[in-house]
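Peer 1: The structure's right below; bear with me while I get my questions together.
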Amino acid sequence: MGSVVEIVMGSDSDLPVMEEAGKVLKKFKIPYVFRIISAHRTPDLAREYSRGLIKRGVKVVIAGAGAAAHLAGAIASCTTIPVIGVPLDSSPLSGIDALFSTVQMPGGIPVATMAIGKAGAKNAAIFAVEILALENNRLKNALKNFRGKMAKEVANKDKRLKQI
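Encoded structure:
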């Protein structure tokens with residue numbers, strides 16, 4: 001079986017952040033791959049890649065880029081599968097430029113945009129799991145357990161804090 005989710009980034013320097021998405025997908029046993037494709041340096045590859053997603057059976061793309069972060073939008077413009085954008089902090093503007101570049105898409109070409117950085121990469125993967133869970137009971141149950149475990153961890157931390 002090929003990848004169900006593909007995690008795309010503009011540069012290998014983005015990997016330390018985008019690995020967070022991979023960790024989540026691995027936890028949920030969802031097949032994924034990492035790719036490096038630049039909307040600016042390799043526009044022909046970006047177009048070819050995006051147009052082949054459906055044929056390859058990919059269900060969701062997570063795209064992370066910094067600065068003039070057009071990667072998610074470039075991919076979304078060439079496919080009809082969900083694209084989740086992760087703005088990265090890779091410029092003197094601390095990711096705000098990437099956030100605006102990712103979130104400010106024209107009507108008709110949606111990109112679901114997450115937070116800047118590692119939290120955004122993690123949430124992008126969780127959102128991808130939620131999309132896939134719409135038609136997958138195993139993932140529905142896994143998400144329910146994930147949320148339950150998170151709630152239990154917070155309750156335990158609260159309990160420990162009360163004892164200080």
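Residues in the sequence shown are numbered from 1 upward in steps of one, following full-length UniProt numbering. Ideal Cβ positions, reconstructed from N, Cα and C, are used throughout, including at glycine.
Leaving out five residues on either side along the sequence, give the residues of the same chain with a beta carbon under 8 Å from the beta carbon of Val4.
Peer 2: Ile30, Pro31, Tyr32, Gly57, Val58, Lys59, Val60, Leu132
Peer 1: Can you give me the start and stop residues for the alpha helix (DSSP H) that Ala124 sits inside?
Peer 2: 118-133
Peer 1: Measure the alpha-carbon distance for Ser50 versus Glu153 and round it to whole angstroms.
Peer 2: 39 Å
Peer 1: Under 6 Å Cβ to Cβ from Ile37, same chain only, skipping five residues before and after it: list those, please.
Peer 2: Excluding sequence positions up to five before and after Ile37, its CB lies within less than 6 Å of the CB of Val8, Leu45, Ala46, Tyr49, all in the same chain and listed in chain order.
Peer 1: Can you check whether the CB of Gly64 is closer than 8 Å to the CB of Gly83?
Peer 2: The question names Gly, but residue 83 in the sequence shown is Val. Their beta carbons are not under 8 Å apart, which means Val83 does not touch Gly64 by this criterion.
Peer 1: Closest to His40 by CA distance: which of Leu53, Ser101, Leu71, Met105 is it?
Peer 2: Leu71
Peer 1: Please give me, in chain order, every unbroken run of the beta strand (DSSP E) with length at least 3 that falls completely inside the UniProt domain "PurE" (3-154).
Peer 2: 5-9, 32-36, 60-66, 83-88
Peer 1: Taking the alpha carbon of Gly120 as the reference point, which residue from Arg160, Gly66, Arg138, Lys26 has its own alpha carbon closest?
Peer 2: Gly66
Peer 1: Are there 16 or more other CB atoms within 10 angstroms of the CB of Asn123, so buried, or fewer, so exposed?
Peer 2: buried
Peer 1: Quick one, are the C-beta atoms of Ser101 and Ala68 less than 8 Å apart?
Peer 2: yes
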